[in-house]
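Worksheet for the structure shown next.
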Amino acid sequence: MNEDLKRKLQVLIGLIILLIAMIASYFSVVEGGGFTKYDVFLTLDISGSMDDPTKLDAAKRAAIEFVNIVTSNKTIDFRVGLITFESYVELVCPLTRDVDTLKSGIDQLIPLGNTAMGDAIKLAGNILVQEKRPSAGKAIVVLTDGHSNEGIGPIMATQGLSGKDIVVYTIGYGLDADTYTLKTIASISHGKYFYASTGADLVNVFSTIASLLISPIAHYGSRTLILISLPVLLFLPLIEKGVTTIIEA
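Heads up: the sequence shown is residues 1 to 249, going by full-length UniProt numbering.
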């Protein structure tokens, strides 16, 4: 087999791999959405179990870090709102671009009462739907360190968001968080569950969620591409040898 034909064969194989990559990318699942506008509610647990100064301070730092990241982004128009839940749910700050208002609301949080997580999800979802901002992504970030024990069930509340294009990111803070419920909520809404064991972890988790909203990642497309490409690349010499044999026959 002459060198010219060999080079053409290598180019052909390369084009086939490229075609496979394009097909895999087309069917990828994008995490984050890729929107140019976003409305996001931070829904924070301030129940009695958060009455550890270290816990609450970490939650405040993490929420403020999230606000700093998304509001400093120049390519996406973010509006962020703040809802807290204990025995009752409170809309602390409506959706806004005002960083100072958000930070002031976060700084003033005081823990008490039970945990009405489902009511908080329902309220956040209702407001996001009512806003009707054209072409805007809608997300809810839920932080809790325990189990919902007041109001509507959080899974039922999330099921009520079905078909409304609202993604829910859930964060379990500490060993007492209801992992099953938080994972179920994230799964139902096509969001993602995170676990934080320390205050530093919590800040990192909020930063990660902010980054996902800003820069979506096509995880499944990448995995599919790797799964397809690796066997092709590994067996490339055999493929080339086989095709050469056919051509020379």
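Glycine residues also receive a C-beta, built at the ideal position from the N, C-alpha and C atoms.
It should be emphasised that the depicted structure is a prediction, and the values quoted were computed from it without experimental measurement.
Taking the Cβ atom as the reference point for each residue, do residue i and residue j lie within a distance shorter than 8 Å?
i      : j      : result
Leu42  : Ala63  : yes
Asp107 : Lys138 : no
Leu99  : Thr71  : In the sequence under discussion, the amino acid at residue 99 is Val, which differs from the Leu named in the question. Their beta carbons are under 8 Å apart, which means Val99 touches Thr71 by this criterion.
Ala189 : Thr208 : Checking the sequence shown, residue 189 turns out to be Ser, not Ala. No, they are not a contact pair.
Ile152 : Val205 : no
Glu86  : Ile121 : no
Gly174 : Ser197 : yes
Ala136 : Lys37  : yes
Val168 : Ile127 : no
Leu143 : Leu44  : yes
Return the residue from the list the options that minimises the CA-CA distance to residue i.
i      : options                        : result
Asp119 : Ser135, Leu91, Phe35           : Leu91
Ile83  : Gly125, Asn68, Asp100          : Gly125
Pro53  : Leu212, Phe66, Ile110, Val167  : Ile110
Gly81  : Leu102, Pro154, Asp176         : Leu102
Met117 : Gly34, Lys55, Asp178           : Asp178
Glu150 : Ser215, Val89, Lys37           : Val89
Leu161 : Ser148, Asp176, Ala136, Val129 : Val129
Cys93  : Gly34, Val40, Ile16, Tyr169    : Val40
Ala200 : Leu44, Asp57, Gly34            : Asp57
Met50  : Ser104, Val67, Asp176, Gly191  : Asp176
Ile214 : Arg61, Asn73, Glu65            : Asn73
Glu131 : Ile155, Arg79, Met156, Gly105  : Arg79
Gly34  : Asn68, Asp77, Ser148           : Asp77
Gly105 : Arg61, Met156, Tyr195, Pro134  : Arg61
Please check the pair residue i and residue j, which I expect to be a contact at CB under 8 Å, by giving their CB distance rounded to whole angstroms.
i      : j      : result
Gly146 : Thr115 : 5 Å
Ala186 : Tyr193 : 4 Å
Leu202 : Ala59  : 7 Å
Ala112 : Gly163 : Reading the sequence as shown, one finds Leu at residue 112 and not Ala. The Cβ separation is near 35 Å, so there is no contact.
Between which two residues does the alpha helix (DSSP H) carrying residue i extend?
i      : result
Lys183 : 179-188
Lys103 : 99-107
Lys132 : Element bounds for Lys132: n/a, residue is neither H nor E.
Ser211 : 199-214
Leu152 : Note on residue identity: the sequence assigns Ile, not Leu, to residue 152. Ile152 -> no alpha helix (DSSP H), and no H or E assigned at all.
From what residue to what residue does the beta strand (DSSP E) around residue i run?
i      : result
Ala138 : In the sequence on display, residue 138 carries Lys and not Ala. Where Lys138 is concerned, the enclosing beta strand (DSSP E) stretches over 137-144.
Ile171 : 166-173
Ala116 : Counting along the chain, Ala116 falls outside any beta strand (DSSP E), and DSSP gives it neither H nor E.
> Mind pulling the beta strand (DSSP E) runs of 3 or more residues that sit fully within the region 26-88?
Replying inline: 37-45, 77-85
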